[in-house]
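Before any comments, here is the structure.
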Amino acid sequence: MPGTDVVTVFVTAPGKEPALALARQVVEESLAACGNVIPNVTSVFRWDEKVNVEEEVLLMLKTSAVKSPALIARVAELHTYEVPEVLSVPVEDGFGPYLDWVHECTSGEAPPAPSVEKFDGRQ
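With the numbering used here applied, the sequence shown corresponds to residues 968 to 1090, in that order.
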């Protein structure tokens, strides 16, 4: 399978508000097409020579592969953590119009958001 040239960038954050602020900033800068904030993530990690357990949120950002390096750098610059988790994972397949929309959004243009009327229960 050739892939899609779209990536998902995963970022953990200390709470909903910092994650939303980060998502809004990178979407406004056309570095990401969109972001999803997933609450209630429990992270277990080693830091300062001890094992820590912290409640965080997970931010999923969708972008084009070509914008991924700039997005990663910008997230690292804006993030409050000294060493933030910022991981880029290639999207192997997906709904064509959505993938096109991701590319359009990260090209610097301002396309309309894909319609979700029939999926969101607000009909």
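Where a beta carbon is used, it is the ideal one built from N, C-alpha and C, also for glycine.
Do you know whose CA, among the options, lies nearest residue i's CA?
| i | options | result |
| --- | --- | --- |
| Glu1021 | Ala980, Val1056 and Val1050 | Ala980 |
| Thr1047 | Met1027, Trp1068, Asn1019 and Leu989 | Leu989 |
| Thr927 | Lys983, Leu1066, Asp1060 and Lys1017 | Absent from the structure is residue 927, since the part of the chain shown begins at 968 and ends at 1090. |
| Arg1041 | Thr971, Lys1017, Lys983 and Ala999 | Ala999 |
| Val1008 | Gly1075, Thr971, Lys983 and Ala1043 | Lys983 |
Ignore the nearest five residues each way along the sequence and tell me which others in residue i's own chain have a CB closer than 7 Å to its CB.
| i | result |
| --- | --- |
| Leu987 | Val1004 |
Which of helix, strand or coil does DSSP assign to residue i?
| i | result |
| --- | --- |
| Gly1088 | Model confidence at Gly1088 stands at a pLDDT of 45, short of 50, so the residue's coordinates are unreliable; what they give is reported in the following sentence. In this structure, Gly1088 counts as coil in the three-state DSSP scheme. |
| Ala1000 | coil |
| Pro1057 | strand |
Go through its chain and collect everything with a Cβ distance to residue i's Cβ below 8 Å, but skip five positions before and after it.
| i | result |
| --- | --- |
| Ile1039 | Val976, Val1053 and Ser1055 |
What are the start and end residues of the alpha helix (DSSP H) that includes residue i?
| i | result |
| --- | --- |
| Pro1036 | Ser1035 to Leu1045 |
| Val993 | Lys983 to Glu995 |
| Val1050 | Premise fails: Val1050 is in no alpha helix (DSSP H) and is neither H nor E. |
What residue range does the beta strand (DSSP E) around residue i cover?
| i | result |
| --- | --- |
| Glu1022 | Lys1017 to Ser1031 |
In chain order, what residues of the same chain lie with their CB nearer than 6 Å to the CB of residue i, ignoring the 5 residues before and after it?
| i | result |
| --- | --- |
| Asn1019 | Phe1012 |
If contacts are defined as beta-carbon pairs under 8 Å, then residue i and residue j qualify, I think. What distance do you get, rounded to the angstrom?
| i | j | result |
| --- | --- | --- |
| Val974 | Ser1035 | 5 Å |
| Val1024 | Pro1006 | 5 Å |
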